Each structure stands twice: as structure tokens, then as C-alpha cells.
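Novice:
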Amino acid sequence: MRSLLFDGDGTPPSEPPAHWGDLRLDAVEAAIAKAAGEDAAAHLYGAPRDPALIAVRQGVFRALEEPAVGAAARAFTAEAALVRRRLDRLARTGHAPQAGRRLIEAVAAHAAAVEAFAAALVPGVPGLEGLGADLAALVASPAFTGPRDAARALLARLGEVRYELLLRGDEITVGPCAPGADDAFADRVRAVFARFRADPSAARPPRPADGSGLDVVEAAVLDLVAAAHPEVFADLAAFLARHRGFLQAELVRLDRELRFCLGWLDFLAPLRAAGLPVCHPDVSLTDRTLEVRDLYDLALAVERPAEVVPNDVTAGPDEHVLVVSGPNQGGKTTLSRAFGQLHHLAGLGCPVPARAARVFLPDRVLTHYERAESLANPASKLEEELLRLRDLLAAATGDSVVVLNEIFMSTTASDALALSRPLLTTLLDKGVRCLWVSFLDELSRAHPSVVSMVAETEGDDARRTFRIVRGPADGRNHARALAERFGLTYAALSRRLEERRAGEVLR
320 MRSLLFDGDG TPPSEPPAHW GDLRLDAVEA AIAKAAGEDA AAHLYGAPRD PALIAVRQGV
380 FRALEEPAVG AAARAFTAEA ALVRRRLDRL ARTGHAPQAG RRLIEAVAAH AAAVEAFAAA
440 LVPGVPGLEG LGADLAALVA SPAFTGPRDA ARALLARLGE VRYELLLRGD EITVGPCAPG
500 ADDAFADRVR AVFARFRADP SAARPPRPAD GSGLDVVEAA VLDLVAAAHP EVFADLAAFL
560 ARHRGFLQAE LVRLDRELRF CLGWLDFLAP LRAAGLPVCH PDVSLTDRTL EVRDLYDLAL
620 AVERPAEVVP NDVTAGPDEH VLVVSGPNQG GKTTLSRAFG QLHHLAGLGC PVPARAARVF
680 LPDRVLTHYE RAESLANPAS KLEEELLRLR DLLAAATGDS VVVLNEIFMS TTASDALALS
740 RPLLTTLLDK GVRCLWVSFL DELSRAHPSV VSMVAETEGD DARRTFRIVR GPADGRNHAR
800 ALAERFGLTY AALSRRLEER RAGEVLR
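In our numbering, the protein residues as written are 320 to 826.
1. Among His599, Phe586 and Pro681, which one has its Cα closest to the Cα of Thr608?
2. Of all the options Ala430, Ile423, Arg591 and Gly594, which has the alpha carbon lying nearest to the alpha carbon of Leu457?
3. Rounded to whole angstroms, what's the CA-CA distance from Leu581 to Gln417? Just pull it up for me.
4. For Arg786, does the three-state DSSP call read helix, strand or coil?
5. At a cut of 8 Å, does the region 379-394 reach the region 442-462 through at least three beta carbon pairs?
6. Check the C-beta distance from Ser768 over to Pro791 and give it rounded, since I have them as a contact under 8 Å.
7. Can you tell me which of Ala634, Thr330, Arg561 and Asp326 puts its alpha carbon nearest to the alpha carbon of Asp369?
8. Report the rounded CA-to-CA distance for Asp529 versus Ala337, giving the unit in angstroms.
9. How do the region 749-756 and the region 711-719 stand: do at least 3 beta-carbon pairs fall below 8 Å, yes or no?
10. The alpha helix (DSSP H) that contains Cys669, what's its start and end?
11. Put Ile491 into one of helix, strand or coil per three-state DSSP.
12. Between Arg783 and Arg411, what straight-line distance do the alpha-carbon atoms span, to the nearest angstrom?
13. Short of 7 Å in beta carbon distance, which residues of its chain neighbour Leu543, apart from the five on each side in sequence? Order them along the chain.
14. Compute the distance between the beta-carbons of Ala657 and Asp613, then report whether it is under 8 Å.
15. With distances taken Cα to Cα, identify the nearest neighbour of Arg476 among Gly340, Ala510, Val632 and Phe552.
16. What do you get for Asn630, buried or exposed, if any count of 16 or more other CB atoms within 10 angstroms of its CB means buried?
17. Report the three-state DSSP secondary structure of Cys598 (helix, strand or coil).
18. Is the Cβ-Cβ distance between Gly408 and Glu424 less than 8 Å?
19. Please return the same chain residues whose Cβ sits closer than 7 Å to the Cβ of Gln648, not counting the five positions on each side in sequence.
20. Is the Cβ-Cβ distance between Leu323 and Val379 less than 8 Å?
21. Within the continuous beta strand (DSSP E) that includes Leu641, where are the two ends?
22. What residue from Pro332, Trp339 and Pro335 has the CA that sits closest to Val722's CA?
23. In whole angstroms, what separates the C-alpha of Leu754 from that of Gly451?
24. With Thr464 as the anchor, note down where its alpha helix (DSSP H) starts and where it stops.
25. Quick check: what's the CA-CA separation for Phe586 versus Pro670?
26. Within 10 angstroms of its Cβ, does Leu661 collect 16 or more other Cβ (buried), or is it exposed?
27. If you check the beta carbons only, do Leu577 and His414 fall under 8 Å apart?
28. Cα-Cα, which of Val347, Pro332 and Val375 is closest to Asp358?
29. Just confirm the distance between the C-beta atoms of Val720 and Val684, as a whole number of angstroms; I'd bet it's less than 8 Å.
30. Helix or strand or just coil, what does DSSP make of Glu334?
31. Count the other C-beta atoms from every protein chain shown that fall within 10 angstroms of the C-beta of Leu485, then say buried if there are 16 or more, exposed otherwise.
32. Between Arg786, Leu664, Ala435 and Gly478, which has its C-alpha nearest Leu342's C-alpha?
33. Just the Cα atoms here: how many angstroms apart are Leu701 and Arg707?
34. From Glu398, Phe515 and Phe558, pick the residue whose C-alpha is nearest to that of Asp574; which is it?
35. Please tell me whether Ala620 and Leu590 are closer than 8 Å, where the distance is taken between their beta carbons.
36. Just tell me which of Thr605, Val540 and Val756 has its CA closest to the CA of Glu677.
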């Protein structure tokens with residue numbers, strides 16, 4: 320059976336990439352892991368750089384967004400979760416007959432879930448055609464039908480086992496049912512002794528910690544029942560020995576991949592409900608054009624969706640570095656995270672937080688954000704920054720995306736500019752696509768391949784709009800807005816001086 324998400328064996332990376340915390344994708348991962356499991360959330364870590372594979376993944380997400388298909392997939396993963404719990408209890412069950420019973424229940428339930436999901440994908444669902452064909456072949460294979468049929472037969476045979484208990488003092492005797500005995504007799508006995516039944520809400524002795532669900536007396540009774548029906552319990556023991564590892568690796572992988580896809584869609588659902596857009600991006604390995612409408616930061620959207628202000632980001636094939644400047648707390652760092660998230664998620668084939676997106680697929684996303692100083696690191700803050708930037712440049716290629724956020728803040732503006740200019744030259748020489756949040760507006764005018772983006776303000780009080788647009792940065796936009804707010808512009812001061820002179824003349 321082929322993987323939904325990979326060309327090969329479908330194994331996700333074992334560790335997150337280095338940019339994980341900088342882009343706050345760790346918070347996104349935690350939300351997915353809580354709902355879908357850590358093994359499923361690991362699919363967020365990365366995927367092969369392959370537009371064809373991304374198209375396949377986008378088809379899977381589109382298929383699962385269809386209500387009927389999504390419901391069938393959720394039913395399958397829900398049953399798979401129950402089977403995992405059954406197998407976990409089975410692993411902690413030391414009593415063989417009880418373990419056998421749990422195994423046949425797990426096998427039968429698993430088979431029913433697979434068959435139901437396979438039936439839901441017939442005659443073929445766009446995006447899942449291959450899976451439908453694979454499941455149809457699997458449910459007809461002897462490797463699947465053999466354990467399924469044996470489990471169902473054993474369940475039926477165990478359901479026909481009848482016995483009587485003779486209780487005499489502290490002695491229990493198990494024997495065959497008397498001729499003519501039936502379940503109605505047991506019902507009559509229960510009715511007679513109903514008034515002596517303990518309050519079901521009263522505290523009961525704890526069940527065994529080994530997970531068997533049987534106490535010592537119950538296990539002994541079951542052993543006596545097994546001795547009285549040796550053939551069926553011998554077959555049960557043989558089934559237990561033969562089929563403990565019945566779960567096929569391909570179906571385990573399918574469950575994990577479906578949980579990831581459904582978990583991602585569930586993660587996005589409240590954002591969509593809040594009116595935030597989501598799209599399937601167009602991706603390319605050759606076209607370096609960047610066109611994104613209404614991009615936003617996922618982590619912020621989850622925490623405070625009402626505060627999200629989407630932004631457009633565009634860059635032509637020859638526009639390599641986007642320098643973002645403007646007032647503090649104007650949304651620049653938020654945009655930088657969203658920019659990095661977009662490129663990472665587009666490479667996974669996931670729906671992304673934007674209304675529309677056209678993205679070049681990077682070979683990696685490299686980030687540089689401020690780090691808290693540590694007593695364990697004797698290096699100065701500037702030295703630590705320079706060392707990390709050295710490593711970043713060593714890893715970057717012409718196909719990389721780089722996100723730099725407010726670097727060289729620990730030094731003077733002149734020193735920061737002196738350090739930033741050669742860094743910009745290196746980035747341009749390498750040909751990376753970079754978004755650089757900086758207070759140095761000179762960088763935005765340093766080269767034709769550099770684009771300037773500015774965080775806007777509006778109104779007399781210079782309110783931050785959190786909108787970031789392409790436009791020239793002169794380093795004085797925010798200062799001019801504040802001067803207008805407090806009447807300190809040249810025109811306002813000149814007018815007040817004229818008024819003062821006029822008043823003095825009148826006196």
C-alpha cells in the first residue's frame with residue numbers, strides 16, 4: 320500500500336528543524352500533537368522538496384475536506400485508536416484466555432474499520448484514488464481475510480460457550496449447563512436476588528493493575544471454564560500465539576498519516592470560522608516570484624484571532640531581500656514569522672494561512688531571532704549573534720529562505736550598519752530570498768534587488784495599523800507621525816511662532 324504523504328516508506332523526520340521555535344511552530348506542533356498524537360505531529364517537521372509530491376498531498380487535504388470522506392477517515396482513525404488501546408491492555412494482560420479474547424476483539428474491530436473505510440472510497444475519491452484501490456486489494460488479500468475470519472469465528476464460538484457455577488461456601492465448581500438451562504434461568508435468578516444487589520454507585524474494590532480486568536477469583540473461574548471447553552480455548556490460544564502482531568505496517572502508517580492531515584484541518588477549522596483565510600499555495604522549483612495575499616501568523620491567530628491583521632507580500636524573481644522597517648510593535652516580527660511559516664508549510668503540502676499564495680520552494684528555512692543571554696555562554700551578545708550568523712551563512716544556498724529579525728540591536732546604529740552592509744552583500748551574492756526586519760532604513764536603498772516594506776501608522780495619534788506595505792523607508796515616518804500628533808512639525812511650529820509674534824505686536 321502506497322503512502323498518502325511520501326513516495327517511499329512514509330517515515331517523518333525524527334527531529335524538528337532549527338527554525339522551529341523562532342517561527343513558533345513548536346506551539347502549532349503542540350496543538351496538533353494534543354489532538355492527533357505526537358507521532359502524527361512529527362509530519363510537520365519536513366518533507367522532500369518535490370512539487371509533484373506536494374500536489375499529491377494537496378489532493379489528500381482537499382479530499383479530506385469533503386464532509387463524507389472526512390467523516391469516513393475520522394471513523395477509521397477513531398476505531399484505530401480504540402484498537403491501540405485494546406492492544407495496550409492486551410500487552411499488560413498476563414492471563415492467556417483473557418488476552419486471547421482481547422486480541423480477537425481487536426482483530427475483528429480493526430478489520431471492520433478497514434472494510435468500512437475501503438467501502439467509503441469506492442468508486443474512487445479525487446485525491447484518494449490510489450488509496451481506494453490499495454484498500455480494496457488489501458481487504459481481499461489472505462493476509463487480511465485470514466485473521467479477520469478466524470477472529471470472527473472464535474468470537475461466535477465463544478459466544479456459544481455455556482456453563483454453570485456451583486457455589487458452596489468458599490468453593491466454586493464449574494460444570495456444563497444442565498439440560499434445558501438457558502439464559503432466561505439466569506435472568507430469573509438475577510431478579511430474585513436483585514434486592515440484595517449492592518448500590519452500583521458504592522465504592523468497589525480496585526481492578527487488577529496488570530490490565531487484565533480480572534481478579535484472582537475471576538481468572539480462576541475462567542481457567543475452569545477453559546478446561547471444560549478445551550477445543551475452543553485451544554484454538555483461542557493458537558490464535559493468540561499466531562496473530563499478536565496482526566497490525567500491518569501499511570495500515571499503521573495510514574492511520575498516522577490520516578491523523579496528521581485531519582489534525583491539521585481541525586487546527587485550521589476555528590481560524591476559518593473566525594473569518595481568516597486558508598489556501599492551497601501554488602509552488603515551484605523554478606519560478607521565484609512571490610505573491611501572497613492576506614498572510615498572517617498562525618501562532619498569533621490561534622491565541623488572539625481577533626487581533627490578526629493579514630498582509631500582502633510580493634517580490635519579483637530578481638527581488639531577493641525584503642527589508643521591513645517602521646515603528647516598534649507595528650507587526651514587523653509577526654510578519655517575519657508568518658513569512659517563515661508560509662515557506663515551511665507550503666513545502667509540506669499543507670493548506671497555509673493566506674487567501675492566495677504563489678511560492679518558490681526553498682531547500683531550507685534559516686532564521687535568526689534574538690536569544691536570551693545565558694550565564695553558561697561566556698560570549699557577549701554581539702559575539703553570539705555573529706557566530707550564529709556565520710553558521711547561517713554557511714548553511715544558506717541560493718535556494719534558501721532566510722528570516723532575520725532585528726539583528727545587531729546590542730550595538731550602536733553606526734556599528735550595526737557597518738556590520739549589516741557586508742551581510743546584505745553576502746545574502747545577495749548567494750541569491751537567497753530573505754525577509755529582514757531592521758531599524759536601519761539605509762539597507763532598503765542599498766541595492767536594486769532589495770525591496771522596502773514599511774509598517775504603517777494612521778491618524779493624528781499615529782496609531783499602529785499593523786499593516787505592512789511596500790514603500791520607501793526614510794527612517795522618519797514614525798517620527799513625523801508623532802510630530803504631527805503633538806503639533807511639532809515645521810509648519811505647526813512656524814504657525815505658532817507667527818501667532819506669538821502677532822500677539823506681542825498687539826500688546
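Glycine included, each C-beta is placed from N, C-alpha and C at the ideal position.
All values reported here derive from a predicted model rather than from experimental measurement.
Specialist: In short:
1. Among His599, Phe586 and Pro681, the Cα nearest to that of Thr608 belongs to Pro681.
2. Ranking Ala430, Ile423, Arg591 and Gly594 by Cα distance to Leu457 puts Ala430 first.
3. Distance from the CA of Leu581 to the CA of Gln417, rounded to the nearest whole angstrom, comes to 34 Å.
4. Reduced to three states, the DSSP call for Arg786 is strand.
5. They touch, by the three-pair rule.
6. 16 Å between Cβ atoms; not a contact.
7. Of Ala634, Thr330, Arg561 and Asp326, the residue nearest in Cα terms is Asp326.
8. The predicted position of Asp529 is uncertain, since its pLDDT is 48 and thus under 50; no value can be drawn from it.
9. With three or more CB-CB distances shorter than 8 Å, the region 749-756 counts as touching the region 711-719.
10. Annotation for Cys669: no alpha helix (DSSP H) segment contains it, and DSSP assigns it neither H nor E.
11. Three-state DSSP puts Ile491 in a strand.
12. Cα to Cα, the separation comes out at about 59 Å.
13. Same-chain partners within the cutoff: Val493.
14. Remark: C-beta atoms of Ala657 and Asp613 do not approach each other more closely than 8 Å.
15. That would be Phe552, whose Cα lies nearest to the Cα of Arg476.
16. Buried, since its Cβ has 16 or more Cβ neighbours within 10 Å.
17. Correct three-state label for Cys598: strand.
18. At residue 408 the sequence reads Arg, which differs from the Gly that was named. No, the Cβ-Cβ distance between Arg408 and Glu424 is not below 8 Å.
19. So the list reads Arg783, once near-sequence residues are dropped.
20. With contacts defined as CB atoms closer than 8 Å, Leu323 and Val379 qualify as a contacting pair.
21. Following the DSSP letters along the chain, one finds Leu641 inside the beta strand (DSSP E) bounded by residues Val640 to Ser644.
22. The residue with the shortest Cα to Cα distance from Val722 is Trp339.
23. Straight-line Cα distance between these residues: approximately 43 Å.
24. Its alpha helix (DSSP H) spans residues Pro461 to Gly478.
25. Phe586 and Pro670: Cα-Cα distance of roughly 11 Å.
26. It is buried - the Cβ of Leu661 has at least 16 other Cβ atoms within 10 Å.
27. By the CB criterion at 8 Å, Leu577 and His414 fall outside the cutoff.
28. Comparing Cα-Cα distances from Asp358 to each of Val347, Pro332 and Val375, the minimum goes to Pro332.
29. Yes, Val720 and Val684 are in contact; Cβ-Cβ is about 5 Å, under 8 Å.
30. If DSSP states are grouped into helix, strand and coil, Glu334 belongs with coil.
31. Result: exposed.
32. Leu342 has its Cα closest to that of Leu664, out of Arg786, Leu664, Ala435 and Gly478.
33. Straight-line Cα distance between these residues: approximately 10 Å.
34. Looking at the Cα atoms, Glu398 is the closest of the given residues.
35. Contact annotation: Ala620 and Leu590 have beta-carbon atoms nearer than 8 Å.
36. According to the sequence provided, residue 677 is Arg. The question's Glu does not apply to it. Per the Cα distances, Thr605.
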